[in-house]
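The structure appears right after this line, and notes come after that.
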Amino acid sequence: MPDLLECGRIVNTHGVRGEVKAEPWCDSPEVFEQLSRLYIGGRPYELENARPHKSFVLCKLKGIDCPEQAMVLKNQTVFLDRAEVPLADGAYFIADIIGFEAYDRRTETAIGTLREIRPAPSADLYCIQGEEAEILIPAVPAFVHKVDLKNKRIEFNTIQGMLPHEN
């Protein structure tokens, strides 16, 4: 069984040939173009074609040939096989860093555990569950010093007032 990762959600059908319109949860909708199959509802579907369309991806799945067949897939989560997505050196999947220890270099202390990454207009936000409260740190190089996959730790460079006890 392949190692699957969530990569989007089918939001609607498109056209008369059974295409589905997917909301991509990847860094780029172009990720879909390099995949050979998608997994929906626990079932693999051969991906005949995928193309970006505005902020979505239009996908033609083998065996889905009319809007009625495509409609059955609406609102379902789409998965990909992580082996089909090559990562550049230093890159990682978000799913791989959830649960990592968050360490602040300024205070030289562990400040909590990474619980989620929230999309935001200017930069994603790392949501860290601290002892006192949730800590939000923008996912930008000024604040994210190092992601240590081996030791399951992210090192941050916080600024005064960013941590709950400093307010």
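Residue numbering for the sequence shown follows our numbering, starting at 3 and increasing by one per position. C-beta atoms are modelled at their ideal positions from N, C-alpha and C, and glycine is treated no differently.
G65 versus L49: straight-line alpha-carbon distance, rounded: 10 Å
Cβ contact check for the segment 115 to 131 and the segment 68 to 75: 3 or more pairs under 8 Å: no
Whether L6 touches F95 by CB criterion (8 Å): no
Stretch-stretch touch, CB-based, cutoff 8 Å, three pairs: the segment 130 to 145 with the segment 161 to 169: With a cut-off of 8 Å, the segment 161 to 169 and the segment 130 to 145 count as touching, because enough Cβ pairs lie within range.
Nearest residue (CA-CA) to P31, options V13, T111 and K56: K56
DSSP-derived helix/strand/coil call for Q131: strand
Cβ-heavy atom distance, V149 to the ligand NAP, below 7 Å: Looking at this structure, you won't find the ligand NAP or any other ligand, since it has none at all.
Option in R108, T109, A141 and T111 with minimal Cα separation from S124: Looking from the CA of S124, the closest CA among R108, T109, A141 and T111 belongs to A141.
Helix, strand or coil at V59 [DSSP, three-state]: strand
Close-in-space but distant-in-sequence residues of the same chain around Q46 (CB under 6 Å, 5 per side omitted): A small correction: the amino acid at residue 46 is Pro; Gln does not occupy that position in the sequence shown. The residues are R39.
Beta bridge counterpart(s) of A104 as assigned by DSSP: Partner(s): G114 and I156.
Member of H16, I161 and Q36 whose CA lies at the smallest distance from the CA of D106: I161
Test item: CB-CB of I130 and G114 under 8 Å: A distance below 8 Å separates the beta carbons of I130 and G114.
Same chain, Cβ closer than 7 Å to E25, neighbours up to 5 away in sequence not counted: So the list reads G10, R11, V13 and F58, once near-sequence residues are dropped.
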